[in-house]
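Below: the structure, in structure tokens.
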Amino acid sequence: MNAITMIQSGTLTMSSREIAILVESRHDDVKRSIERLSERGVITLPPLAEVSNYGPGPKFLKEYHLRKRDSLVVVAQLCPEFTAKIVDRWQELETQATKPANLVPQSLPEALRLAADMAEQKAKAEAQLALVAPKAQALDRLATASQGSFCIRDAAKNLQVQEKWLRSFLIQHRWIYRRPMGSELLAYSEKIQAGLMEHKITTGEKSDGTEWTNTQARITAKGMAKIAQSLAPIIGS
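Numbering (my numbering), first residue to last: 1 to 237.
Laid out in structure tokens, this is it:
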């Protein structure tokens, strides 16, 4: 898989296919996320590259090739829990790019120099990651300490985004879905099991004596922290 490319200016890029593998997502979902972030001006949209497909399916595939900063932003948007993984991957790739494949330290000073270079590259990558999600630790503490949950309207106010935009974000990222043949928005079971969402059920009696039931999808404090981490590069939180 041609996941890494050295472009003419000497800058390493990472393909959208490799990002999909790293975050365990569909390639189409990764490409759509790249396009949405580009539309908002968060990252620069590169041209689609057509590459050979050595696996099953069509002979050629179309993929984006992103520079380091943009790839970190995309992963923070898709799956914040995989940010450490992409930092480690970039460290590995940068080391490969700067060292010949067959170069092995021949002396203790050379080995120490190589270790120092790798540590420096890792520190730079972690510094860039800190810019992508600057409040991750504070948000984790909020998720642990806070109680209760938020309706989508209140969650949008706290995140300082429009309610309509947040609702669309949650639907696109499979947090909530609309009940078939109804208007209620419900949470996916995996998000409830992960403690990110919950349902609030209210009941009452109609004027004709029959009972009505309403199910409201609500975001827990833990869910708020995770969403805020994902939105950090977009809303500047």
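Glycine residues also receive a C-beta, built at the ideal position from the N, C-alpha and C atoms.
Residue nearest to E50 in terms of C-alpha spacing, selected from A97, E63 and E39: E63
C-alpha gap between R89 and L78, whole angstroms: 17 Å
CA nearest to the CA of A246, picked from R40, H65 and A221: Since the first and last residues shown for the chain are 1 and 237, residue 246 lies out of range.
Coil, strand or helix - S251 by DSSP: Nothing about residue 251 can be read from this structure; the chain reaches only from 1 to 237.
Opposing strand residues paired with R178 [DSSP bridges]: L185
Whether A217 touches I171 by CB criterion (8 Å): no
Among Y188, V30 and V23, the one whose alpha carbon lies nearest that of S16: V30
Proximity below 8 Å, CB of G223 to CB of L185: no
Burial state of R32, where buried means 16 or more other Cβ atoms lie within 10 Å: exposed
Backbone secondary structure at G148 - three-state DSSP: coil
Contact belief for I219 with F150 at Cβ below 8 Å, rounded distance in angstroms: 5 Å
Alpha carbon of Q160 to alpha carbon of A225, nearest angstrom: 14 Å
Distance CB(K68)-CB(L22) smaller than 8 Å: no
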